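S.K.: FYI, my numbering numbers position 91 of the sequence shown as 99, with every residue one higher than the one before it. First, the structure itself, so that you have it in front of you.
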Amino acid sequence: MLHPSTELRTINPTIGAGVFASEPIPRGTIVWIRDPLDHVFSPEEFDALEGPIREHALKYSFVDGQGSSILCWDLAKYVNHSCEANLLSTPFEFEIAVRDIAAGEQITDDYGSFNIEAPLECHCGSARCRGVIRADDAERLVPEWDAQVRAAFPAVIEVAQPLWDFVQDPARVEAAACDPARLASVAVNYVGAEAGVHAARTQRPRGSSAPGSRR
Numbered sequence: 009m010l011h012p013s014t015e016l017r018t019i020n021p022t023i024g025a026g027v028f029a030s031e032p033i034p035r036g037t038i039v040w041i042r043d044p045l046d047h048v049f050s051p052e053e054f055d056a057l058e059g060p061i062r063e064h065a066l067k068y069s070f071v072d073g074q075g076s077s078i079l080c081w082d083l084a085k086y087v088n089h090s091c092e093a094n095l096l097s098t099p100f101e102f103e104i105a106v107r108d109i110a111a112g113e114q115i116t117d118d119y120g121s122f123n124i125e126a127p128l129e130c131h132c133g134s135a136r137c138r139g140v141i142r143a144d145d146a147e148r149l150v151p152e153w154d155a156q157v158r159a160a161f162p163a164v165i166e167v168a169q170p171l172w173d174f175v176q177d178p179a180r181v182e183a184a185a186c187d188p189a190r191l192a193s194v195a196v197n198y199v200g201a202e203a204g205v206h207a208a209r210t211q212r213p214r215g216s217s218a219p220g221s222r223r
């Protein structure tokens with residue numbers, strides 16, 4: 009489920025649509041959280057999809073750490089990629105703002121963290137644009153992502169959280185906010201995490217395209 013202070017806007021023909029903040033969203037805010045309305049496909053169920061349904065699922069779903077494909081029911085599936093994303097994943101099945109997001113600013117993820125396999129051309133326009141998003145980006149960038157998440161996580165218990173009722177283990181989240189060093193690495197979200205960061209099925213994660221190209 010996506011934060012209520014968000015809206016869908018058309019960006020351009022290359023990228024398509026994207027999600028923007030309709031009001032300021034402070035650092036540490038839970039901006040997306042997995043909820044029971046999201047559709048979960050097992051690998052077998054996903055592989056059985058055909059035609060336009062399969063194309064839609066490939067475009068808008070992402071693969072979780074168990075290898076299941078998650079198709080978000082709301083605008084979350086339109087969140088685009090940026091190589092300087094303002095959202096990052098946590099070990100708690102939610103994403104937080106790792107910096108303050110201004111009203112009118114696009115909300116972005118880093119697709120390199122979404123168990124992708126096929127490279128994605130990037131059009132994010134960031135000064136740090138990687139040009140192509142690859143499955144092995146996570147192996148290089150996990151330490152940087154962990155540092156950003158841990159730096160922002162204390163604010164989780166300091167700012168308003170409209171999505172707090174959907175947090176599955178509030179006590180653990182609060183404990184991690186009080187002691188970010190206890191926060192597990194985002195690498196736990198990757199398929200085969202016990203053997204190291206590893207990619208899953210060839211597909212595009214949540215959203216329509218890669219930075220600039222979907223996000």
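Yeah, the Cβ is synthetic: ideal placement off N, Cα and C, and Gly gets one too. The structure presented is a predicted model; accordingly, all values stated were derived computationally and were not measured.
How long is the line joining the alpha carbons of residue 86 and residue 16, rounded to whole angstroms?
M.R.: 8 angstroms
S.K.: For residue 12, which residues from the same chain have a beta carbon less than 7 angstroms from its beta carbon, with the 5 sequence-adjacent residues on both sides left out?
M.R.: 170
S.K.: Tell me which residue opens and which closes the beta strand (DSSP E) that residue 95 is part of.
M.R.: 95-97
S.K.: Alpha carbon to alpha carbon, how far is residue 153 from residue 56?
M.R.: 34 angstroms
S.K.: For the structure I just gave you, are there three or more beta carbon pairs, one from the stretch 30-38 and one from the stretch 131-138, closer than 8 angstroms?
M.R.: Contact check between the stretch 30-38 and the stretch 131-138: fewer than three CB pairs, one atom from each, fall below 8 angstroms, which does not count as touching.
S.K.: Between which two residues does the alpha helix (DSSP H) containing residue 16 stretch?
M.R.: Run containing residue 16: none in the alpha helix (DSSP H); it sits in the beta strand (DSSP E), 14-20.
S.K.: If you measure between the beta carbons of residue 150 and residue 193, is that distance less than 8 angstroms?
M.R.: yes
S.K.: Near residue 183, what residues of its chain come up, given a Cβ to Cβ distance below 7 angstroms and the 5 sequence neighbours on each side ignored?
M.R.: 190
S.K.: Use the C-beta contact count for residue 26: other C-beta atoms within 10 angstroms, 16 or more gives buried, fewer gives exposed.
M.R.: buried
S.K.: Using three-state DSSP, classify residue 153 as helix, strand or coil.
M.R.: helix
S.K.: Do residue 42 and residue 101 have their C-beta atoms closer together than 8 angstroms?
M.R.: yes
S.K.: Would you decide whether residue 18 is buried or exposed? Buried here means 16 or more other CB atoms lie within 10 Å of its CB.
M.R.: exposed
S.K.: Rounded to the nearest angstrom, what separates residue 110 and residue 173 at their Cα positions?
M.R.: 24 angstroms
S.K.: So, under 8 angstroms CB-CB, residue 120 and residue 141 are touching, yes? Tell me the CB distance rounded to an integer number of Å.
M.R.: 5 angstroms
S.K.: Residue 84 by DSSP, collapsed to three states: which one?
M.R.: helix
S.K.: Rounded to whole angstroms, what is the Cα-Cα separation between residue 61 and residue 106?
M.R.: If you take the alpha carbons of residue 61 and residue 106, they lie about 34 angstroms apart.
S.K.: Beta carbon of residue 140: closer than 7 angstroms to some heavy atom of the ligand SAH?
M.R.: Inclusion of the ligand SAH in the displayed structure is not the case, the ligand content being empty and no account of it being possible.
S.K.: How would you call residue 293, buried or exposed, if buried means at least 16 neighbouring beta carbons within 10 angstroms?
M.R.: Only positions 9 to 223 of the chain appear in this structure, which leaves residue 293 out of reach.
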